[in-house]
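Protein chains in written order, with the working numbering: chain U, 1 to 292; chain L, 293 to 584. Reading through the structure tokens given below for one structure.
Protein chains: 2
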Amino acid sequence: MQLLDGKKTAASIREELTLAVKNRKENGQKIPHLAAILVGNDGGSMTYVNAKVKACEEIGFESTLIRYDDTITEEELLRKINELNNDDAIDGFIVQLPLPKHINELKVTQAVDPTKDVDGFHPQNLGNMVLNLPGFLPATPAGIVELLKRNNIETSGKHCVVIGRSNIVGSPVSILLARNTNPGNCTVTLTHSRTKNLTEICQQADIIVAAIGKPGYVKAEMVKEGAVVVDVGTTRVDDPSRERGWRLCGDVDFENVAPKCSFITPVPGGVGPMTIASLMINTLRAVELKGL
Amino acid sequence: MQLLDGKKTAASIREELTLAVKNRKENGQKIPHLAAILVGNDGGSMTYVNAKVKACEEIGFESTLIRYDDTITEEELLRKINELNNDDAIDGFIVQLPLPKHINELKVTQAVDPTKDVDGFHPQNLGNMVLNLPGFLPATPAGIVELLKRNNIETSGKHCVVIGRSNIVGSPVSILLARNTNPGNCTVTLTHSRTKNLTEICQQADIIVAAIGKPGYVKAEMVKEGAVVVDVGTTRVDDPSRERGWRLCGDVDFENVAPKCSFITPVPGGVGPMTIASLMINTLRAVELKGL
């Protein structure tokens, strides 16, 4: 069993991006500038956004963090999005999800200019992905594919079972891995809450992508010997043994599944860092696509 | 075994639409107007476009057929599309595919205003479909789903295997059937040219959608007893016994597969008429969405 070390892979992507920024500086080109909107005080969201800002700093991107209280109205948020859409200094921006219940996430997603949508959540970018047209790939699915690629894991002709059909991970990663691209060309089965005989289906998988947010859901008996397992879950579970009182828990019963795998991502340190790396790749692309 | 009679189902949809047009007339509302662009003299394309125009006439829609020689440049075609985008009289329009090789089909698809894209090929509409947002569903996939629905075929929790990942059928129908909607909620496996052990995978399917364009490709041994089989193939094969010298042949070896099925679509008379019915439904929606 080998660990699919997202932390290490993301670090080498950051190195490449640092070099790219250095070259841009030398050539007098625009330095990529990412903005992030954070609403409220959710601990997980703050951690993610801070990690994104930190990645920008490390690479040499400019970054702007915009924070709002969770009492912000949808209208105010949409107004800010419109302002960022029209701000030439900002190459790309994200609105950290989840948002408070009184704000429609899909409406927010659609309000972001597709050419600045570095999270790849806008319908235009999802449609471009379906058609294999240029655009921004959704950050987590793209990070998963990049992790497989940089660890020389063959995807062509492999059977990939995706567990969970969320808008931001399960559904788009199922589309991405089935496309006629490299990496890609998987036979993909998309499973979800209505799926019967999930165990039987998973047992056939060469690659499993677990993205349901249920800690330890994927058990050893669901996994074929030699399978590649990608764990997208990041649920906080109580852990009194830790000073902060919790730990991050993936969707996979790591202890029992790992021995059967050829490759498996750890949680944390697997998909998480790759999502941030994808976001950075997309931000550089945003400025490149504008020809700046 | 029961035939999934697309001709009959489409006829009942046309009746409903005829009534809707009558009501619109009585209320002084705009009569839906569909335009179709046909490039060249391909026999299949001419047949399809004629059938679409005929359906409009039967329902009471207005229709405009625009024909070009296959020497038309991409630029001229894009100019015409732009003209239709800006013509308030036209509620929706299609560009019949395939186009001559010197014209980029994806560029043409992207040039159509998404609010007039009644074929549902534009990335914006495909992305809307992924996110379950309002928009135009691609005509053939939507027709397949409508055919299942109107024949009371349960899809929730069923395992659907889609054969072929084309932009206009295989990929979008796999997305549509996996969504959290009714019909929908299938566990979906998308297979294609790189898929290994296709036979084994198909044998597990409760529903098979065959969309590869290879006559008679799906054999009896690939189909589980009691499965629902939807045949999207329409290949012209030589048939000297017919006066016109050819017949339409589906992707399914109908003679040997049909006896094993609970339901199966014939070719012709299955998915084909449903595609046209979907286009008509989308055209009515186009004018409704504009509030006219």
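For every residue, glycine included, the Cβ atom is placed at its ideal position computed from N, Cα and C.
Cβ closer than 8 angstroms: which chain L residues qualify as neighbours of K196(U)? Here the neighbours are G449, H451, T479.
To which residues of the same chain is I398(L) closer than 7 angstroms at the C-beta, ignoring the five residues directly before and after it? The identity of residue 398(L) in the sequence shown is Leu, whereas the question assumes Ile. There are no such residues.
Minimum C-alpha distance to E62(U) - residue among N86(U), E76(U), P32(U): From the listed residues N86(U), E76(U), P32(U), the smallest Cα separation to E62(U) is found for P32(U).
Identity of the residue in D498(L), V522(L), L370(L) nearest Y509(L) by Cα: Closest option to Y509(L), Cα to Cα, is V522(L).
In terms of residue numbering, what span does the alpha helix (DSSP H) encompassing S579(L) cover? Looking at the sequence itself, residue 579(L) is Val, so the reference to Ser does not match. In this chain, the alpha helix (DSSP H) harbouring V579(L) covers 563-581.
Nearest to V188(U) (by Cα), restricted to the options V404(L), A569(L), I493(L): Looking at V404(L), A569(L), I493(L), the one whose alpha-carbon comes closest to that of V188(U) is I493(L).
Taking all protein chains shown into account, decide if V529(L) is buried (16 or more other Cβ within 10 angstroms of its Cβ) or exposed. By the Cβ-count criterion, V529(L) is exposed, with fewer than 16 other Cβ atoms from all chains shown falling within 10 Å of its own Cβ.
Which two residues bound the contiguous alpha helix (DSSP H) that contains V437(L)? Secondary structure note for V437(L): its alpha helix (DSSP H) is the uninterrupted segment 431-442.
With the cut-off set at 7 angstroms, would you say I358(L) and I329(L) are in Cβ contact? Closer than 7 angstroms, so yes.
Could you pull the start and end residues of the beta strand (DSSP E) that L248(U) belongs to? Where L248(U) is concerned, the enclosing beta strand (DSSP E) stretches over 246-249.
Taking just the CA atoms, how far does A11(U) sit from V287(U)? Annotation: V287(U) to A11(U) spans about 21 angstroms, alpha carbon to alpha carbon.
Please classify L423(L) as buried or exposed, where buried requires at least 16 other C-beta atoms within 10 Å of its C-beta. Buried, because 16 or more other Cβ atoms sit within 10 Å of the Cβ of L423(L).
Do L370(L) and A403(L) count as a contact pair if the criterion is CB distance below 7 angstroms? Cβ atoms of A403(L) and L370(L): closer than 7 angstroms.
Rounded separation between N27(U) and E16(U) - CA only: Answer to the nearest angstrom: the Cα atoms are 17 angstroms apart.
Count the other C-beta atoms from every protein chain shown that fall within 10 angstroms of the C-beta of N489(L), then say buried if there are 16 or more, exposed otherwise. In the assembly as shown, N489(L) is an exposed residue. Its beta-carbon has fewer than 16 other beta-carbons within 10 Å.
Can you tell me the Cβ-Cβ gap for I499(L) and T447(L), rounded? I've got them flagged as a contact below 8 angstroms. The Cβ separation is near 7 angstroms, so the contact holds.
Where in the segment 46-133 of chain U do unbroken runs of the beta strand (DSSP E), each at least 3 residues long, occur, reported from the N-terminal end onward? Counting only runs of 3 or more residues that sit fully inside the segment 46-133 of chain U, the beta strand (DSSP E) segments are 62-68, 92-95, in chain order.
Nearest to M280(U) by alpha carbon, out of L133(U), G213(U), K54(U), D5(U)? The alpha carbon of M280(U) has as its nearest neighbour, out of L133(U), G213(U), K54(U), D5(U), the alpha carbon of K54(U).
Measuring only between beta-carbons, confirm whether N342(L) sits less than 7 angstroms from chain U. No, N342(L) lies away from the interface with chain U (no Cβ there is under 7 angstroms from its Cβ).
Just the chain B side, please: which residues come within less than 9 angstroms of V510(L) by C-beta, in chain order? This model lacks chain B altogether; the protein chains it does include are U and L.
Using CA atoms only, rank isn't needed, just tell me which of E350(L), C452(L), E547(L), E375(L) is closest to E513(L). Taking each of E350(L), C452(L), E547(L), E375(L) in turn and checking the Cα distance to E513(L), the smallest one comes out for E547(L).
Give the secondary structure of I445(L) by DSSP, where H, G and I count as helix, E and B as strand, and everything else as coil. Annotated three-state conformation of I445(L) is coil, per DSSP.
Are the C-beta atoms of N315(L) and some chain U residue less than 7 angstroms apart? So no, N315(L) is outside the interface.
Residues of its chain near M274(U), where Cβ-Cβ distance is below 7 angstroms and the 5 sequence neighbours each way are ignored: In chain order, G6, T9, A10, G143, I144, E146, L147 place their CB closer than 7 angstroms to the CB of M274(U), counting only its own chain and leaving out the 5 sequence neighbours on each side.
Nearest to K224(U) by alpha carbon, out of V267(U), T18(U), C261(U)? Of the listed residues, the one whose Cα sits closest to K224(U) is C261(U).
Of all the CB atoms in chain U, is at least one closer than 7 angstroms to the CB of T483(L)? It does: the Cβ of T483(L) has a partner Cβ on chain U nearer than 7 angstroms.
Looking at the strands, I want to know which residues DSSP matches up with D36(U). Per the sequence shown, residue 36(U) should be read as Ala rather than Asp. DSSP lists L65(U), I94(U) as the bridge partner or partners of A36(U).
Please report the straight-line C-alpha distance between V228(U) and D545(L), rounded to a whole angstrom. Approximately 36 angstroms between the Cα atoms of the pair.
At a CB distance below 8 angstroms, what residues from the segment 371-398 of chain L approach chain U? Give them in sequence order. Legend: CB atoms of the segment 371-398 of chain L lying less than 8 angstroms from CB atoms of chain U belong to residues L398.
Buried or exposed: which applies to D380(L), given that a residue is buried once 16 or more other Cβ atoms fall within 10 Å of its Cβ? When all chains shown are included, D380(L) counts as exposed.
Is the CB of S171(U) under 7 angstroms away from at least one CB in chain L? Yes, its Cβ sits closer than 7 angstroms to a Cβ of chain L.
Please compile the residues from chain U whose C-beta is within a distance smaller than 8 angstroms of the C-beta of I467(L). Within 8 angstroms Cβ-Cβ: V130, S171, I175.
Using a Cβ-Cβ cut-off of 7 angstroms (strictly less than) and excluding sequence neighbours within five positions of K312(L), which residues of its own chain qualify? It should be noted that the sequence gives Ala, not Lys, for residue 312(L). The answer, listed in chain order, is L576.
Identify each residue in the segment 125-153 of chain U for which the Cβ-Cβ distance to at least one residue of chain L is less than 9 angstroms, and report them in chain order. So the close ones are N125, L126, G127, N128, M129, V130, L131, N132, L133, G135.
In terms of residue numbering, what span does the alpha helix (DSSP H) encompassing A258(U) cover? Segment: none, A258(U) is in no alpha helix (DSSP H) and carries neither H nor E.
Rounded C-alpha distance that separates R165(U) from N85(U): Computed Cα separation, rounded: 29 angstroms.
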